[in-house]
Amino acid sequence: MDSRVKVKICGLVRKQDIDFVNKTAPDYAGFVFAESRRQVKPDEVKRMVCDLAPGIQTVGVFVDAPRELVVETVRECRLDIIQLHGSELNAYWEGFTAPVWKALPISSRQDLEQVKGLRNIAGLLLDSSSGGSGTAFDWSLVQELHSPFPVILAGGLNPGNVVRAIKQVKPFAVDVSSGVETDGVKDFLKIKQFIEKVREPDEHSG
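When we follow our numbering, the leftmost residue of the sequence shown carries the number 9, and every step to the right adds one.
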């Protein structure tokens, strides 16, 4: 079984971003359909997905979107995973054909109580309460979390802190967007450095 920590590069918006991920081979490529400075339209994503190297799974990020819109976008863009960042509850994703990652903003231990009510998700994405801001939350809050779901750690990760984050939280995957950008656009060297840090042998022991 592959125990290596997986990597998701999120917020891809340009053809050049696809070139960057094809060269660095993260496990997941994320596209933001919700309102954001990294928002992309389904037509743009369809084109980008066609250019994506085989083996990189696609993740669509949505926030309280109409269910029908999510279903249609998944079909149209051939998305592998649905990532939900709003107030969606279990009934919302009932019947979805693609696996769901549910995001949970963390600002205190109390926030973790919500995990108990979640059903039928493929991943629990732990993010800072101001998701997409490039700010990390206090990882010690989730250190003792015994999640029944694979944990994807997000929020303020970058090449300089990702090893420490992995040692502390021991996630299934790490998710980065602004931490691999320069002046708001994806930076090839930062993406490369981030992925190398995650995949370095013995980097996370101790």
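Every residue gets a Cβ at the ideal spot worked out from N, C-alpha and C, and that includes glycine.
Just so it is clear, the structure is predicted and the values come from calculations on it, not from any experiment.
By the 16-neighbour rule on beta-carbons within 10 angstroms, T66 is buried. In terms of Cα proximity to I17, the closest of D195, F157, P209 is D195. Residues of the same chain with a CB within less than 6 Å of the CB of F145, apart from the 5 flanking positions on each side, are I114, S136, G163 in chain order. In the DSSP assignment, A173 falls within the alpha helix (DSSP H) that extends over 170–177. For L77, the uninterrupted alpha helix (DSSP H) segment begins and ends at 75–85. A direct Cα-to-Cα measurement between V78 and V57 gives close to 17 Å. DSSP, read as helix, strand or coil, puts G125 in helix. In this structure, I160 lies away from W101, with their beta-carbon atoms at least 9 Å apart. Here the C-alpha atom of Q24 lies approximately 40 Å from the C-alpha atom of E121. Here the alpha carbon of I203 sits roughly 7 Å from the alpha carbon of P34. Every beta strand (DSSP E) stretch that sits fully inside the stretch 12–66 and reaches 3 residues is listed by chain position as 14–17, 36–40. Between the C-alpha atoms of K14 and E152 there is a straight-line separation of about 21 Å. For D88, the CB contacts under 6 Å within the same chain, skipping 5 residues up- and downstream, are Q65, T66 in chain order.
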